[in-house]
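Reviewing the structure listed below.
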Amino acid sequence: MARPNPLSDLNGMVENLERVEKGLHEACTADDEFLTEVARHLLSAGGKRVRPAFCLASSMAGEAEAGASSHEAVMGGVSVELVHLGSLYHDDVMDDATTRRTVDSVNARWGNLRAILAGDFLLARASEIAAELGTEVAGLLAATIAKLCEGQVRELQDAYKVGRSEEAYVASIAGKTAALFASACRIGGIVANRDRDEIEALTEFGHAYGMAFQVVDDVLDVVATDEQLGKPAGHDMVEGVYTLPVIRVLADGNDQLDDLLGGPLDEDQRLEARAVVRTNGAIHTSLATARSYLERADEIIAPLGGGPAVEAMVSAGNGLLTSVEELVEAG
Ligand code: GRG
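The sequence shown begins at 709 in our numbering and counts up by one.
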């Protein structure tokens, strides 16, 4: 399932993202050849570069035309993608993941120790770049990394908890995912010297979009195939991560799912659990929740006026939902 960059139709975005790519390549270069190889592994494997694209679009929000981004906006994009990459390195160690972006995960290829160190290296590079963009961006990025960790810890604390509440889920994804989208948009606004109220609106937009993004990601884990995801499907339930559709089926009193979950799953149990969640209305209500986050995102960004960047950011939300809705209907 191709999930392209949702902002690639914005004028200048393809070229701006090429500049981000160059910056990422340089940032992933270490004195040591081996560290360079490990640090570039997931970068070379692809990825949509969604967060840099939102940073770039935010830096042009409200302008009548979109085009070449400033150097600062490009480097803002590089810094947020490096944080994302670093978090994937660490996440794959925690999950003992074997595949990411259709290739071997870093831990699978080189072991946990090297994966953690290379992840740290990427975070250090992100911090270095953020510092070049000023103390506000540096402080923001550091606080964002802390929020990612807090969100992830919330998730770990709820592992295999069949009574996990929606509030606990929302608090976790706000930290582990929405915080970085919020900061990507905020950095775009800061480096473009936007008014403070515009910077706040961009931040809130990024947060709401990031919440929808994670809900969609969690629905995809249940409805998509391994090939479509580029990693094993249904892995969240195996890992004891009970996401919104699962929480809703359990809250509905589904005994079959309740009996299956609460501990590790074998292959048959994984397939059975997926089938229960897929055939229950929770997929549709979860997508409705994602839609309401996107509606909130659109409302927040409206005061920034029209212009191609804002229009692209709004239609990115529709694209996000359409791709998964099509998959649900086809499946
Ligand atoms: C030290 C920064 C740091 C974090 C430690 C491990 C951790 C705490 C946080 C993990 C957070 C995490 C993995 C959130 C999931 C975010 C998510 C939806 C990832 C998939 O994003 P895409 O679809 O992936 O943008 P691509 O491959 O396209 O970049």
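Glycine is no exception: its CB is placed at the ideal position from the N, C-alpha and C atoms.
Residue i, DSSP secondary structure in three states
i	result
D717	coil
R809	coil
Y868	coil
D1006	helix
C736	coil
L660	Outside the modelled stretch of the chain, which goes from 709 to 1039, sits residue 660, for which no answer is possible.
V949	coil
M768	coil
T987	coil
G1013	coil
P940	coil
G883	helix
N815	helix
A876	helix
E773	coil
K756	coil
T933	coil
S778	coil
N962	coil
G859	helix
G827	helix
A916	helix
R999	helix
L969	coil
D974	coil
Assigned exposure category for residue i - 16 Cβ within 10 Å defines buried
i	result
E935	exposed
E723	exposed
S891	buried
L1049	Outside the displayed span of the chain (709 to 1039) sits residue 1049, for which this structure offers no information.
T997	buried
V677	Outside the shown range of the chain (709 to 1039) lies residue 677, about which nothing can therefore be said.
Q922	buried
G897	buried
S752	exposed
G1025	buried
A1017	buried
D905	exposed
E726	exposed
G679	Residue 679 cannot be examined here, being either before or after the span of the chain that is shown, 709 to 1039.
P712	exposed
A920	buried
T852	buried
L821	exposed
CB-CB length for residue i against residue j, believed under 8 Å
i	j	result
A769	L1012	5 Å
R809	D800	Wrong, their Cβ atoms sit about 10 Å apart, outside the cutoff.
S1028	V924	At residue 1028 the sequence reads Leu, which differs from the Ser that was named. That belief holds up - the Cβ atoms of L1028 and V924 are roughly 6 Å apart, short of 8 Å.
I824	H798	7 Å
G971	Y877	That pair is no contact at about 19 Å.
G785	L830	Not quite, the Cβ-Cβ distance comes to about 14 Å (not below 8 Å), so this is no contact.
S1023	V899	Not confirmed; about 24 Å, so no contact.
V728	L888	At roughly 15 Å, the Cβ-Cβ gap does not stay under 8 Å, so V728 and L888 are not in contact.
A990	P940	The pair is not a contact, with the Cβ atoms about 21 Å apart (cut-off 8 Å).
Inter-residue Cα distance where the pair is residue i and residue j
i	j	result
L743	G754	19 Å
H943	A832	29 Å
K756	E874	28 Å
L968	L796	28 Å
F918	V930	Reading the sequence as shown, one finds Gly at residue 918 and not Phe. The alpha-carbon atoms of G918 and V930 are separated by roughly 19 Å.
D866	S778	42 Å
K855	T885	9 Å
D828	C736	11 Å
L928	R986	10 Å
T933	R982	11 Å
P714	E780	22 Å
E912	A738	35 Å
S813	E1007	38 Å
E1040	N988	Look at the range of the chain in this structure, 709 to 1039, and you will see that residue 1040 is not part of it.
N719	Y1001	26 Å
D992	E840	Here residue 992 is His; the residue named in the question, Asp, does not match the sequence. Their backbone Cα atoms lie some 44 Å apart in a straight line.
R902	L973	50 Å
H733	R1004	35 Å
Y950	G775	42 Å
C763	D963	44 Å
S835	G871	38 Å
T806	M945	16 Å
M783	G731	7 Å
L864	T843	32 Å
E745	G1039	39 Å
I955	L910	30 Å
H749	R759	19 Å
Residue-chain proximity (residue i, chain C), Cβ-Cβ < 8 Å
i	result
E840	Protein chains in the displayed structure number just one, and chain C is not present.
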